[in-house]
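Only one structure is covered here, and it is reproduced in the block below.
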Amino acid sequence: ATVPFSETSASINSPEIKLFIRRVAEIINTLPASVDISVRGYTDNHSSSKDTMYMSNIDLSNKRADVVIRELIANGVSPERLSSAGFGSSKPFAQNNTEENRAKNRRVEFFMFVSNDTPLNKEKQKSVLDALSGLKPKE
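What follows is the structure, given as structure tokens:
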């Protein structure tokens, strides 16, 4: 899932986006506590303007991720489950050759990971491995 942003903004002003983040928070809160969420911010390839408060696209993308994390926390997600990172323009979703595509790159994405702190259920692990070993390769 992604959250879009305007060109040099890290603000969430749209009621629709706030509702979307609230719904994401509701989904996160139904997941087991062993599932952690990484919120990752991105920008298009245009440099941050001297007219903005952001020193670089990395700075802007970090701020976008942080703003979304604050919204998730405000909607009941435990801060211990959340982490953030900003990637600037280094991982575009679309080519930066049109305004429409640049808009797709100004986003925040959610990634889910199972925590390494979760103890393994040895019985389930064994049964899965047994089932996999019984599979025959396709010919």
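The numbering used here puts the sequence shown at residues 113 to 251.
Yeah, the Cβ is synthetic: ideal placement off N, Cα and C, and Gly gets one too.
Here the structure is a predicted model, which is why all the values come from computation and not from measurement.
Annotated three-state conformation of R218 is coil, per DSSP.
Cβ contact annotation for L143 (same chain, cutoff 8 Å, sequence separation greater than five): M224, in chain order. In the DSSP assignment, I129 falls outside any beta strand (DSSP E) and within the unbroken alpha helix (DSSP H) covering 127 to 142. Scanning its chain for C-beta atoms nearer than 6 Å, with the 5 sequence neighbours on each side dropped, one finds around S150 the residues S195, F223, in chain order. Classified as buried, S201 has 16 or more neighbouring CB atoms from the shown chains inside 10 Å of its CB.
Per DSSP, I170 is not a residue of any beta strand (DSSP E); the alpha helix (DSSP H) it occupies stretches across 169 to 186.
In this structure, the beta-carbon distance from S173 to G198 falls below 8 Å. The beta carbons of R218 and P116 sit closer together than 8 Å. Close CB contacts of N141 within its chain, under the 7 Å cut and outside five residues either way in sequence, are with G188, V189 (chain order). Rounded to whole angstroms, the Cβ separation of R176 and A122 is 5 Å, and the two are in contact under 8 Å.
In this structure, the CA atom of S227 is about 14 Å from the CA atom of P191. R134 and T210 have their C-alpha atoms roughly 31 Å apart. C-alpha of E119 to C-alpha of E128: approximately 18 Å in a straight line. Annotation: S159 is outside any beta strand (DSSP E) and is labelled neither H nor E by DSSP.
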